[in-house]
Amino acid sequence: MAVVRHSAEGLLQLASVPERVLSEVIAEQLRITQGVNPGRSERRSWDRSLPVLARDLVEAGLGSVEMLLEYQLPLTSKRADVILAGVDRHSGDDAYVVVELKQWSHAELYEDDADLVLVPGMGNHPKLHPVVQVHGYCDYLADFVGALEHRRHAVRGVAYLHNANDLDIHDLYDRVEDERTRLFSQSRRGQFVDYLRAQFAPEPGARAADRLLASAIRPSKQLLKVAAAEIKHRDQFVLLDQQRLAYEIVLHAVEKARASDSKEVVIVTGGPGSGKSVIALSLLGELAERGYPAHHATGSRSFTETMRRHVARGSTRTKAMFKYFNNFMTAKPNDLDVLICDEAHRIRETSANRFTKAVERTGRSQLDELMSAARVPVFLLDEHQVVRPGETGTVADIRAHAQTRGLAVQQVDLDAQYRCGGSRAYEEWVLRLLGLNGEDPEPWTGDPHFEVTLADSPYELEGLLRGKLNDGYSARMTAGFCWRWSDPDGDRLVSDVRIDGWSKPWNVKGDRAVGDAPPSALWATMPGGFEQVGCVYTAQGFEYDWNGVVLGPDLVYRDGRLITVRGASKDPALMKKSVTDEQADRLIRNTYKVLLTRGMIGTAVHSVDARTQEFLTTLLDR
Numbered sequence: 352m353a354v355v356r357h358s359a360e361g362l363l364q365l366a367s368v369p370e371r372v373l374s375e376v377i378a379e380q381l382r383i384t385q386g387v388n389p390g391r392s393e394r395r396s397w398d399r400s401l402p403v404l405a406r407d408l409v410e411a412g413l414g415s416v417e418m419l420l421e422y423q424l425p426l427t428s429k430r431a432d433v434i435l436a437g438v439d440r441h442s443g444d445d446a447y448v449v450v451e452l453k454q455w456s457h458a459e460l461y462e463d464d465a466d467l468v469l470v471p472g473m474g475n476h477p478k479l480h481p482v483v484q485v486h487g488y489c490d491y492l493a494d495f496v497g498a499l500e501h502r503r504h505a506v507r508g509v510a511y512l513h514n515a516n517d518l519d520i521h522d523l524y525d526r527v528e529d530e531r532t533r534l535f536s537q538s539r540r541g542q543f544v545d546y547l548r549a550q551f552a553p554e555p556g557a558r559a560a561d562r563l564l565a566s567a568i569r570p571s572k573q574l575l576k577v578a579a580a581e582i583k584h585r586d587q588f589v590l591l592d593q594q595r596l597a598y599e600i601v602l603h604a605v606e607k608a609r610a611s612d613s614k615e616v617v618i619v620t621g622g623p624g625s626g627k628s629v630i631a632l633s634l635l636g637e638l639a640e641r642g643y644p645a646h647h648a649t650g651s652r653s654f655t656e657t658m659r660r661h662v663a664r665g666s667t668r669t670k671a672m673f674k675y676f677n678n679f680m681t682a683k684p685n686d687l688d689v690l691i692c693d694e695a696h697r698i699r700e701t702s703a704n705r706f707t708k709a710v711e712r713t714g715r716s717q718l719d720e721l722m723s724a725a726r727v728p729v730f731l732l733d734e735h736q737v738v739r740p741g742e743t744g745t746v747a748d749i750r751a752h753a754q755t756r757g758l759a760v761q762q763v764d765l766d767a768q769y770r771c772g773g774s775r776a777y778e779e780w781v782l783r784l785l786g787l788n789g790e791d792p793e794p795w796t797g798d799p800h801f802e803v804t805l806a807d808s809p810y811e812l813e814g815l816l817r818g819k820l821n822d823g824y825s826a827r828m829t830a831g832f833c834w835r836w837s838d839p840d841g842d843r844l845v846s847d848v849r850i851d852g853w854s855k856p857w858n859v860k861g862d863r864a865v866g867d868a869p870p871s872a873l874w875a876t877m878p879g880g881f882e883q884v885g886c887v888y889t890a891q892g893f894e895y896d897w898n899g900v901v902l903g904p905d906l907v908y909r910d911g912r913l914i915t916v917r918g919a920s921k922d923p924a925l926m927k928k929s930v931t932d933e934q935a936d937r938l939i940r941n942t943y944k945v946l947l948t949r950g951m952i953g954t955a956v957h958s959v960d961a962r963t964q965e966f967l968t969t970l971l972d973r
């Protein structure tokens, strides 16, 4: 792992050289080692905070303790200000202290919430209590860094508010519960120096730092035990037929790979509701119970955040096992036994984006990163759900890449249907309607387990769904991306989706609720989501009892068939010149495949185009 590191004495020497400002030196080192380009406020904080910490270490007689600056927590974008690495004064083993440096001169609890603080001069929005913040960093390191396996006591945390007096932060001390995580202020600097002496022996910490930086990154046995209890024992999943086959094949591949130090790829394909995510979670729970390092990863923020909220509920530690595909750019090969890539059709060409550090822009494919990270990478996918340019999660791509690496591939195709009332007839009807299986559309002949209906207007569509919602069912309305998507107007969403006098806003774009509208990632599952129209990027991966779909002007009936109209789409992804018309056609059809297959009990459809609506009347009853 690339990181900026200095001994306390070395850092003080840097800070004392007049012609080289400390913050500029560290900024340049971060650019070289991590590709980070820190802002001016970060540099000013280094000027003021790091020399204070270094001087405290030297005063404690610990000038050789290693300081790891801006340490990036493995497989995340989070960075700890400083990790001190040295020799434990009592045991002689490696010891680490995570230090969160705050320049706050005053802070108070936010509305008596012990986990949140309000800092004058930094806006009215609360911030996480620094002790809670550093405690989370300590737990994460103990849970994922192999060097700390069975040694949680070896990593401790400190929040150091070196500009504040006790009286100005007095109620923050209420959150300090144990010796493992402490809070110090300027008033308690002497106590902080004594604390440092109690943690470290006056010996060089370079080797302890080396071992931390070179350590394997994977879930600890303790975390796996917690995850097993949270995932497997709380939610019981019943696997049937091909689902159970896929599950057993993965477990067999894991045992084989561990025994022979080998590697194997497993692909599981299936349509919406065929049980891919049930398999993924069942595997994660079983692997955790066996103590095998495993992660769950997706390319969808909405899906991952919902997994963290509902599957890992009650355990912040278990939430950390749910990752994103782009978290594995710097992962060491085979650190994990299994990487479960759910919704693998959303794998991108590359993990790099405009925020990616320069040193990580290797040109390496995301598929290669994921395939390298574990002994048994598992890819669960539905090729008809590729809805964005640059998504490369297809069976052909995965097999081809595995072949270039000389890896064996096992594939299981799920033939059951559990969403859409278990109606294979409905899935086939949707594929025909959209021209995705090479066959012509045909009238819906019915299925006793699933209801499909045509709404004459968006008013009727909303009324039908609201009635189901009032009857105790879950319901959501979605639409093709054919209307602009405005930023909120203050604390109010803009009603962008307008059809013949009817209007509603899109779901929230970001991570924060707007009024009664839930954050984007929770639109499909939280109360309040019904009042917004969901787009494909929000709805994908979710299900609800009743599903309403508005076909926009990007999919219309002309000359005896449904055609796509690329110019009617407002999706920025389709406005790129690099996307061909053929690709755009496929992506639009796949988008509606996703939207039309979210319902468990029934789906209602309306088209904004008159001729298309008339065509649908030949296929569906009102």
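So the sequence shown is numbered by the working numbering: it starts at 352 and just counts up by one. Positions of the beta carbon are idealized from the N, C-alpha and C atoms, including for glycine.
Rounded Cβ spacing between residue i and residue j (contact assumed at less than 8 Å)
i, j, result
"residue 451", "residue 559", "Between residue 559 and residue 451 the Cβ distance is about 20 Å, and since that is not below 8 Å, they are no contact."
"residue 792", "residue 805", "Their Cβ separation, rounded to whole angstroms, is 13 Å, which puts residue 792 and residue 805 out of contact at 8 Å."
"residue 635", "residue 601", "That pair is no contact at about 11 Å."
"residue 682", "residue 568", "7 Å"
"residue 686", "residue 718", "The Cβ separation is near 18 Å, so there is no contact."
"residue 533", "residue 496", "With 8 Å as the limit, residue 533 and residue 496 do not qualify as a contact, their Cβ atoms being about 21 Å apart."
"residue 763", "residue 596", "6 Å"
"residue 626", "residue 765", "6 Å"
Within 7 Å, strictly: CB atoms of residue i and residue j
i, j, result
"residue 700", "residue 642", "no"
"residue 872", "residue 653", "yes"
"residue 855", "residue 884", "yes"
"residue 424", "residue 491", "yes"
"residue 494", "residue 668", "yes"
"residue 936", "residue 920", "no"
"residue 847", "residue 836", "yes"
"residue 650", "residue 715", "no"
"residue 645", "residue 688", "yes"
"residue 820", "residue 881", "yes"
"residue 823", "residue 897", "no"
"residue 553", "residue 412", "yes"
"residue 825", "residue 888", "no"
"residue 549", "residue 505", "no"
Close beta carbons around residue i, own chain, < 7 Å, minus the five adjacent residues each side
i, result
"residue 941", "735, 736, 737, 738"
"residue 631", "647, 691, 693, 731"
"residue 483", "466, 526"
"residue 408", "359, 414, 416, 547"
"residue 983", "Past the boundaries of the shown model lies residue 983; the chain is included only from 352 to 973, so the question cannot be answered."
"residue 916", "904, 905, 907"
"residue 750", "760"
"residue 934", "740"
"residue 536", "512, 515, 516, 517, 520"
"residue 787", "735, 940, 944"
"residue 403", "513"
Any non-hydrogen atom of the ligand ATP closer than 6 Å to residue i Cβ
i, result
"residue 601", "Summarising the ligand content, the structure contains no ligands, and the ligand ATP is consequently not present."
8 Å Cβ shell around residue i - same chain, five flanking residues per side excluded
i, result
"residue 962", "907, 908, 909"
"residue 957", "805, 806, 807, 808, 809, 811, 812, 899, 900, 901, 902, 964"
"residue 369", "With a pLDDT of 45 at residue 369, under the threshold of 50, the modelled position of this residue cannot be trusted, and the question is left open."
"residue 468", "458, 459, 460, 461, 477, 478, 479, 480, 481, 523"
"residue 354", "384, 385, 419, 420, 421, 422, 423, 564"
"residue 609", "643, 688, 726"
Same chain, Cβ closer than 6 Å to residue i, neighbours up to 5 away in sequence not counted
i, result
"residue 703", "712"
"residue 556", "416, 417, 436, 437"
"residue 922", "832"
"residue 658", "673"
"residue 616", "728, 753, 758, 760"
"residue 977", "Nothing can be reported for residue 977: it is not among the residues displayed for the chain, which extend from 352 to 973."
"residue 929", "none"
"residue 431", "422, 449, 488"
For residue i, the residue or residues it bridges with in DSSP
i, result
"residue 358", "417"
"residue 485", "Beta-bridge pairing links residue 485 to no other residue."
"residue 631", "Answer is none; residue 631 lacks a bridge partner."
"residue 649", "675"
"residue 507", "448"
"residue 491", "Paired residue(s): none; residue 491 is not in a bridge."
7 Å Cβ cutoff, residue i in contact with chain C
i, result
"residue 928", "You won't find chain C in this structure, because it holds only one protein chain."
Minimum length 3: unbroken beta strand (DSSP E) runs contained in the segment 772–836: The beta strand (DSSP E) runs lying completely inside the segment 772–836 and spanning 3 residues or more are 802–805, 826–830, given in chain order.
Ordered list of alpha helix (DSSP H) runs contained in the segment 527–583, each at least 4 residues: Those alpha helix (DSSP H) runs which fall completely within the segment 527–583 and span 4+ residues are 540–550, 557–565, 572–578.
Contained alpha helix (DSSP H) runs [length at least 4] in the segment 913–966, N- to C-terminal order: Complete alpha helix (DSSP H) runs here, min 4: 932–947.
Segments of 4+ residues assigned as alpha helix (DSSP H) that fall wholly inside the segment 846–900: Listed in chain order, the complete alpha helix (DSSP H) runs (minimum 4 residues) inside the segment 846–900 are 887–890.
3-residue-minimum beta strand (DSSP E) runs that sit fully inside the segment 671–755, ordered along the chain: Secondary structure remark: continuous beta strand (DSSP E) runs of at least 3 residues inside the segment 671–755, in chain order: 673–675, 687–692, 725–732.
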